[in-house]
Each structure stands twice: as C-alpha cells, then as structure tokens.
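Heads up, the sequence shown is in the working numbering, so the first residue is 329 and it goes up one at a time. Worksheet: one structure, shown below.
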Amino acid sequence: MSDAPVEALVTLQSVTKRFTPQGAPAIAALTASIAAGQVTGLVGTDGAGKTTLMRLMAGLLAPTDGRIDVMGMDSLKDSVALHRRVGYMPQRFGLYEELTVQENLDLHADLRNVTGEARRQSFDRLLAFTGLASFTRRQAGRLSGGMKQKLGLACALLSSPRLLLLDEPSVGVDPISRRELWRMVYELTAGGVGVVWSTSYLDEAEKCAEVIVLNEGQVLFQGDPRSMSADMAGRVFLLSDIAGDRRNVLAQAIQRADIDDGVIQGAQLRLVAKAGATMPQAADLHAGPGAKISATEPRFEDAFVARLGGHPKAQPKFESAAEHVAGEVAVVADGLTKRFGDFTAADRISFTIKRGEIFGLLGPNGAGKSTTFKMLCGLLRATAGTASVDGVDLFHSPSQARSHLGYMAQKFSLYGDLSLMQNLAFFSGVYGLRGARREAAVQRAIETFNFGAYVETNAGELPLGYKQRLSLACAIMHEPPVLFLDEPTSGVDPLTRREFWGYINAMVHQGVTVMVTTHFMDEAEYCDRLALIYRGQMINTGTPDALKTSVQRPGEAVPALEEAFIRLIEAHDLDREAA
329 MSDAPVEALV TLQSVTKRFT PQGAPAIAAL TASIAAGQVT GLVGTDGAGK
379 TTLMRLMAGL LAPTDGRIDV MGMDSLKDSV ALHRRVGYMP QRFGLYEELT
429 VQENLDLHAD LRNVTGEARR QSFDRLLAFT GLASFTRRQA GRLSGGMKQK
479 LGLACALLSS PRLLLLDEPS VGVDPISRRE LWRMVYELTA GGVGVVWSTS
529 YLDEAEKCAE VIVLNEGQVL FQGDPRSMSA DMAGRVFLLS DIAGDRRNVL
579 AQAIQRADID DGVIQGAQLR LVAKAGATMP QAADLHAGPG AKISATEPRF
629 EDAFVARLGG HPKAQPKFES AAEHVAGEVA VVADGLTKRF GDFTAADRIS
679 FTIKRGEIFG LLGPNGAGKS TTFKMLCGLL RATAGTASVD GVDLFHSPSQ
729 ARSHLGYMAQ KFSLYGDLSL MQNLAFFSGV YGLRGARREA AVQRAIETFN
779 FGAYVETNAG ELPLGYKQRL SLACAIMHEP PVLFLDEPTS GVDPLTRREF
829 WGYINAMVHQ GVTVMVTTHF MDEAEYCDRL ALIYRGQMIN TGTPDALKTS
879 VQRPGEAVPA LEEAFIRLIE AHDLDREAA
C-alpha cells in the first residue's frame, strides 16, 4: 500500500450548524476531512447530524460557524460553482415518479446545463453503467427499489462530479441491489471520485476506507472502521445450543451488568461484554445444561453500539387479553396466485405459520414478496388460491379476518398533523373500539410504549424511534392475535432496531404470531422460519441457520445470511438456465 498523502476534497474546520439561535446544535464544532478516491462512511443514530452534514458539504446549508472548503471552493462564497461539481443524492427518492427514466435524466441534465454531445455521451455512459438502458420508457414510480436508487445515482453523476454525496442510498434495497450499488461506487472511486456514503446499515461501514461516527452532531470516531472494531477484541461471544426460547434468554442476558449488547443470530445469541468484564459462563445465562459460549470476531456494529452506551436496558412489557393456543396454525397460504394482465406477480405460493412464530418473507425488489404480503393482509384480491388468518377465510370473510390481524405499513402511515394521542384514539375507533374499551386501549398503549412525554406532540414531529413505536401501537390497538409488519425498521439505526424488536419479542412471548418482510438480513435472523420469494415463486424455506448451511461450501465457515440469500438466488437462476 502506498504511503503517499491522499488528496482532501473536503475540509471542515470547527463547523457548527444551529437551526435556531438558542437551540442545540445539529453539528457542533466538527473538524474532519473527506479524501478523494475512496468511500468515506457517515454513520450515527437517527438525528445524529448525518443529513445536515451532507447538506452543508453540498452547499445547500450555510454553517452557523466555521468554514467548509470543497475542492478549493468556499461553500458559502462559491456555492453556485460548487453545485456544478458535486453530485448529491438525497435520502428520500428525489425523482419524479410520473416521469419516465429518460425524462428524469433529461430534466436533471437541463438543471445541470449538460447539453449537446456531452449530454448524449453522459446518457449512454450512465445508462450502461447502471443497467437502465432497457428501461428508459418506464415510469420511475414503477421501478423496483434498487432500480430507483440506480436512477438517482445516474442523475447525481450527470455532471461528472469529483465529489459524490449519497444519503442513505441503500434504504429499502435488497441485498443483491445493495451489492450492485457498491460495485458501481467502487468503480467511481477507482477513477478518483470521492464518495461520502451515509448509512444506518453498519455492515456497510465495514466496506468504507474511513468512517466518521456522529452522535448529537459531534464526532465520536474518525478513521479506519477496522480499527474501531478491533477495540472490541475479547468482548464478543456466541451462545449456542440453547435450550428453550432464545428470546427469553436474550431478554435476561441484556439485564446483566456485565453485558453491553445482545442480538439474536439464528439459533444463537451474539453477546457483547462490558469493557473490563470477563466472558460470562454459559451456566449463568439460563440457556440450558448443554449451552456453550465461545469467543467470536467483533464487527463494527458491536463497537458502534458499545460506544453509544449499549443495548437499551428497559425491557418492554406486553400483556394481551387475547386468547392464544400454542401450536395452532395461525396463518395459511395455499396456492396464492396474483396476475396483473399477462404478468404473474405471485405464482402458487403456499406456507403455514404457527401461532407464536415469527415468519419472514425475503426476496429481491420486484420478486413478488410485497404482492404476497398484500394478499395475506386483504389489501389485494388473489387471482387464485386461498388464505386464512386465525382460522377465518380471508376472501370469504375479509372484514372478519382483518379484525384478527394488525398491519404496520412500510412507510409511516399515521397522521402527521394529529397528536400522538389523537392518532391512538382514531385508530382504536377504526378497529371498532368504543367507550371504556377504547379508553383502556389508549391508556394501555401509552403505558406499554412509554408515550407519556409525547402524548400532545404531533406524530410528524416525533423522533423516528417514537414514530416506529406509534405505528406499532396503532396496529395492535385491538389486540390482534396476528401481526403483519412490512419492512418495519427500514432505515432506522441499530439502537432503535433493538428497541423495536424488544417489543416484538415481548408480544411473541404472549402468543402473538408475526409475519415480517425485510431487506435487512440481521433482522431476518430474529425469525423462526424464512421463505425466499423470487420471480413470483417461493424457491426456498427454512430456519435462518438451515438456509445458511444449505449453501455452505466444503472447508468454508458458515456464510452470513446475506451471502446465503445471494447464493440461493444465483443458484435458482442457474437452474432456470439449465432447464
């Protein structure tokens, strides 16, 4: 490796940003630099200042104090010239969904004054680079999540920038599309482009040459992510061969003073000891007489969570008045098929889910996962096949079946201009609760989810973690025995994700059945079983560990679930080609 100094594209000197004169700073006295020819990761909890810092570097916000130099230009004095040389892809899909791929490219080329032969060459190059050449006439709103991100990337690259700012580009994107996005970004850095990649998926931080970790607008760490992970050596363990419910074992382990963090990893638990603590004994973790504990390699997420104080210690409490019988089948899908004209979005999909089980639906964007999910929620009428929820036929008695399930949508679907209390009251009424029963349900939600400090706050102004809590609370006001979650933690930070799954695990302990869709493979590890949907068909099903070992190669360690996901998709494509 060369020891030659790396060119700094951006230097930030004591940069502070306040949005109100007396308010807490979104960015506080931050000094950092962004290098050319590499990916710099920007990570932190929700509200840490990542998007604010991106917009400051893009010249879209002016710092309150300090100075930002971007490629030799002052971000305040030279903002117009800076906009021509910086590519910025915002967190939310910043394209026009009613326009086609080509029309979006034309619009962004006009805005950036890319004309003539340079325009034609840019279009040809970017369409080939992103693989969108065959989709120029398709409306942006009809693209899959991964293709939307590729189009956003193409629009950001129209002016051939030397600095590319990507704000959460992989949110809602499946593992295959994420890998493709990273491949394209690495090609750009090989050409000297400096890339800043903001992310809440901490496995992505490990792909960066350097990371800047933010918390409350301040830098907690800047440097090689591997050195931050190395600081956790000797503190990370796997608990295996657990007898009984691993969710209960995790809940008890988190309460220990010598444990900093813990997550479910298939049939195992991944535990992080506090600094200076010794490895706990398996016998002390109430995991059964055959349980074993062994050291494992630390990862960036272990270090990140530890620096932010560890796993939340408060244990969610959930009590349900609904009657549940363990072992019963709660959800049945039998030959579910959905056609849109000549296109078959879901083809003869069948599975059952037991009561008190977490069942995950996985699949690439556009594979038919959401279509299957919507049919089971009663939001889409199946072309063929049958489905039942809690013993009620979903198509013969849809209203009765829907009263047995709760549904949390992928996008925040509450009323932002209503207070938290008003949202709870509204949704309890939607589910048919009246009088004393309604008042009891609202009060139960406030106590269960610790809403006391926010009852009068408008939903749109809540912190992201509390928005997630409120969405979940509204979905279960009527205490349904079955809960459907559509990408419930998409884009949230690891601490919020741990808190959310604490509530889910508490509900499952009471016998609630959960079906969840997710693109985040660490989250899929919490499921008891998974179904992989691809090209409209269910191509594989099993426990997370079974799917991983099914693709394990001779002499290889068990692959991560994300790698297993990709290998199963690739194997299916090879089988189709052979057939």
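We treat Cβ as the ideally placed atom computed from N, Cα and C, and that holds for glycine.
For Ser342, no alpha helix (DSSP H) segment is defined; the enclosing uninterrupted segment is the beta strand (DSSP E) at 336-345. Residue state for Ala674 is assigned as strand, using DSSP reduced to three classes. Of the other Cβ atoms in all chains shown, 16 or more fall within 10 Å of the Cβ of Thr845; this residue is therefore buried. By alpha-carbon distance to Trp510, the top candidate from Ala461, Thr368, Lys602, Val810 is Thr368. For Leu613, no beta strand (DSSP E) segment is defined, and its DSSP state is neither H nor E.
Its chain contains Ile686, Gly688 as the residues whose beta carbon lies nearer than 6 Å to that of Cys855, once the 5 sequence neighbours on both sides are disregarded; these appear in chain order. Contact between Val820 and Gly684 is absent: CB atoms are separated by about 25 Å, not below the 8 Å threshold. Per the coordinates, the alpha-carbon of Ser407 lies some 12 Å from the alpha-carbon of Gly400. The Cβ atoms of Ala484 and Tyr424 lie no closer than 8 Å to each other.
Of the candidates Leu388, Pro640, Leu460, the residue whose Cα lies closest to the Cα of Ile587 is Pro640. Counting along the chain, the unbroken alpha helix (DSSP H) around Tyr514 starts and ends at 503-518. Looking at the DSSP output, Ala859 sits in a beta bridge with Leu689, Thr869. Beta-bridge annotation (DSSP): Asn786 is paired with Ser747. Per DSSP, reduced to three states, the secondary structure at Gln419 is coil, with no helix or strand assignment.
A Cβ-Cβ contact shorter than 8 Å links Val429 with Leu460.
In this structure, DSSP gives Asp452 a helical state, which the three-state scheme calls helix. Secondary structure remark: continuous alpha helix (DSSP H) runs of at least 4 residues inside the region 771-830, in chain order: 792-803. Your pair Ala615 and Leu567 checks out as a contact, with CB atoms roughly 6 Å apart and the cut at 8 Å. For Gln580, the three-state secondary structure derived from DSSP is helix. By the Cβ-count criterion, Thr359 is exposed, with fewer than 16 other Cβ atoms from all chains shown falling within 10 Å of its own Cβ. Excluding five sequence positions before and after Thr824, the CB atoms of its chain that fall closer than 8 Å to its own CB belong to Thr373, Asp374, Leu792, Gly793, Gln796, Thr817, given in chain order. Rounded to whole angstroms, the gap between the alpha carbons of Ala661 and Val717 is 9 Å. In this structure, the alpha-carbon of Arg627 lies about 5 Å from that of Ser557. Within a 10 Å sphere around the beta-carbon of Phe347 sit fewer than 16 other beta-carbons, which makes this residue exposed. Val414 and Asp434 have their C-alpha atoms spaced approximately 18 Å apart. Sorting Cys536, Ala658, Met607 by C-alpha distance to the C-alpha of Gly562 places Met607 at the top.
Thr428 has Gln467 as its beta-bridge partners, per DSSP. Phe646 carries a coil assignment under DSSP once its states are collapsed to helix, strand and coil.
By the criterion of at least three beta-carbon pairs nearer than 8 Å, the region 770-785 is not in contact with the region 716-732. Between Cys705 and Leu742, the C-beta gap is not smaller than 8 Å, which leaves the two residues out of contact.
If the five residues before and after Ala888 are omitted, its C-beta is found closer than 8 Å to the C-beta atoms of Met849, Lys876, all from its own chain and listed in chain order. Distances from the alpha-carbon of Gln477 to those of Tyr782, Glu445, Val513, Arg448 put Val513 closest. Ile504 is positioned such that its CB atom lies no closer than 8 Å to that of Ile804. About 6 Å separates the beta carbons of Leu530 and Phe632, which is inside the 8 Å limit, making them a contact pair.
Pairing Ser342 with Gly394 gives a Cβ-Cβ distance under 8 Å.
Assignment of beta-bridge partners to Lys620 by DSSP yields Ser568.
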